[in-house]
Every structure is written in structure tokens, then in C-alpha cells.
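Chemist: One structure, pasted below without further comment.
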Amino acid sequence: MIFNYFENEKKLLYFEHGAEKIPDEIIAEFCHKDVTHIDFSSNSLVSIDFISYFSNLREIILDNNFLSDQATHFPTKVFHTTHVLSLNNNKFEDLNQLIENLSHTFPNLRFLSLLGNPCNPLNENFNEDDYQNYRLFIISRMPFLKFLDAKMISRSEWSIIHSTSSIREKKPEHSEVTTNMDRMSLWRKIFKTMTPNEIQGSNDDNRRYYTPLPTDNDANAQATRSSYGRVKNFYRGSESQGNRFIGNTML
């Protein structure tokens, strides 16, 4: 059994083993240690129950597994300290169900990535409007997010969320949005009726509003700096993407 544990970083790695579950030996050895970062990517995991054994997780990377709506049950335990969650290239299809589970289990997420899942519209049939509606839906349910799918959440997106909150609150019971597609349709209608003055902010403003990354003038940070920006390509890789866009100063 091969795994890596970096004690100084409190990081546990167990990836590319094709494992359907995390070995009991690993759970037994590390469940009482102060593990804050786990990367169990590129296995065949269908459950995430094992995270209940780790009380202080800040970063969870589970890219390239077989997590899905049907097979994956989220723990009832709430992880208030978890700020980073990467679930790239899994099998989640029902966005509404997934976000409901995530918002309950990880209420304080700052970074979330769902690239490569069927519920993510960033694929071969990529449509800008669909992806924006998808982002607005998730942001509205997870108020502490700063980054979603390798892209910083903008001031304009927050403006739309705040401007439409009253609309959603006043929506009559008989027309309540009940499905994921209905929610997307609602966001599409709202987004298209917003005026330019209501959609405030620019990319430059966004960088000033959120500053988790090192500045360009920081020569020491540049060597290891990762950055978020406009998503130009959809994800179809097989390697873990969990740490690709996250620098130490952002945690």
C-alpha cells in the first residue's frame, strides 16, 4: 500500500490506485492525526463517507473518481473548516441535488470545482448563457464562494444575485421552481432582463474586490503562482486538478 503524508503540511495523498474505498489501514493510522488536506484523486471511489474520520479538513481533492448522484451519500457531519473542494471528472448529473448536499455538508466553501461532471455545462456543447446560469445558481446557494470552476466570482455576478433575491423570495408557491432546469430557466430570464447599470463591475474591479492571489509585483510569488481567469477550454483530462489554481496564500 503506497501513500504519502507530509506532516509539515498536514497533507495526505493516496491517488492513482484504482481503489473503490480508502483502505482501513490508512483510516486507522490517520483518523486521530491533524490532517487538513487530502488528495484521493484518480481512484474508483463511489463514497465519501471516509471524510467523517477527519475532523479538521480544509482541502478535499477527489478528482477522477466515480462519485455520482445515486451511489454517493454525503455524511451528516458538517465540515465548517473545509474551504476547498474539488470534484472534477466525476459522475454527478443532478446539479440541484449536488449543491443542496454540498451547501449542507460544506457551508463555508471558498473554492469549488465541478469540471468534467455531466451537471457542468462546460463541455463539448458549451454555451456561454448556460454556463452563466449554472454559475449564478451555485453562487446563490453558496454565499462564501470566491472561485468556481477555476474562475473568480465577479462583482457583477454577486450584483445579479443580490438584485434578484427579492424576486425569488416573492415567487408564489404554485409556481415554485422545482427542477434544476426550471431554476436555470429562471436565471436565464433574470439575467437577460438586467440593465447594464444593474450588472456592475469589470474584470479589473473583480481583482481589486477579491485579492487572494499574490500581486504581479511579488517576484517571489510569481514562481509558484497559479491564477484564475476566463474559462476558455472544457475539462476532459484524467489528472487531478485540485491544486492547480490554488496558491498557499489563498487558504
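For the sequence shown, the working numbering assigns the number 388 to the initial residue and increments by one for each residue that follows.
Every residue, glycine too, gets a C-beta built ideally from N, C-alpha and C.
#1: Name the residue from 433, 414, 429 and 480 whose alpha carbon lies nearest to the alpha carbon of residue 441.
#2: Quick one: residues in its chain with C-beta nearer than 6 Å to the C-beta of residue 527, no 5 flanking neighbours on either side, listed in chain order?
#3: With residue 504 and residue 483 assumed to form a contact (beta carbons below 8 Å), what rounded beta-carbon distance in angstroms separates them?
#4: Assign residue 471 to buried or exposed, taking buried as 16 or more other Cβ atoms, counted over all protein chains shown, within 10 Å of its Cβ.
#5: Does residue 422 pass the burial test, meaning 16 or more other C-beta atoms within 10 Å, or should it be called exposed?
#6: Determine the direct distance from the alpha carbon of residue 507 to that of residue 409, and round the result to whole angstroms.
#7: So what does DSSP say about residue 391, is it helix, strand or coil?
#8: Taking 6 Å as the limit between beta carbons, can you name the residues of its chain near residue 517, skipping five residues before and five after?
#9: Once you ignore the five residues that flank residue 464 on each side, which residues in its own chain have a CB closer than 7 Å to its CB?
#10: Please classify residue 544: does DSSP put it in a helix, a strand, or coil?
#11: Looking at the secondary structure, which residues open and close the alpha helix (DSSP H) in which residue 409 lies?
#12: If you follow the alpha helix (DSSP H) that residue 516 is part of, which residue opens it and which one closes it?
#13: Just confirm the distance between the C-beta atoms of residue 495 and residue 460, as a whole number of angstroms; I'd bet it's less than 8 Å.
#14: Compute the distance between the beta-carbons of residue 433 and residue 453, then report whether it is under 8 Å.
#15: Give me the residue from 428, 473, 498 and 456 with the minimum Cα distance to residue 530.
#16: Roughly how many angstroms lie between the CA atoms of residue 486 and residue 457, to the nearest whole one?
Modeler: So, from the listed chains and residues:
#1: 414
#2: 548
#3: Contact doesn't hold; Cβ gap of about 13 Å is too wide.
#4: buried
#5: Residue 422 comes out buried.
#6: 27 Å
#7: Judged by DSSP in its simplified three-state form, residue 391 adopts strand.
#8: Non-local C-beta neighbours of residue 517 in its own chain, meaning closer than 6 Å and more than five positions away in sequence, comprise 508, ordered along the chain.
#9: 439
#10: helix
#11: Neither: residue 409 is in no alpha helix (DSSP H) and is coded neither H nor E.
#12: 515 to 528
#13: 21 Å between Cβ atoms; not a contact.
#14: yes
#15: 498
#16: In a straight line, the C-alpha of residue 486 is about 14 Å away from that of residue 457.
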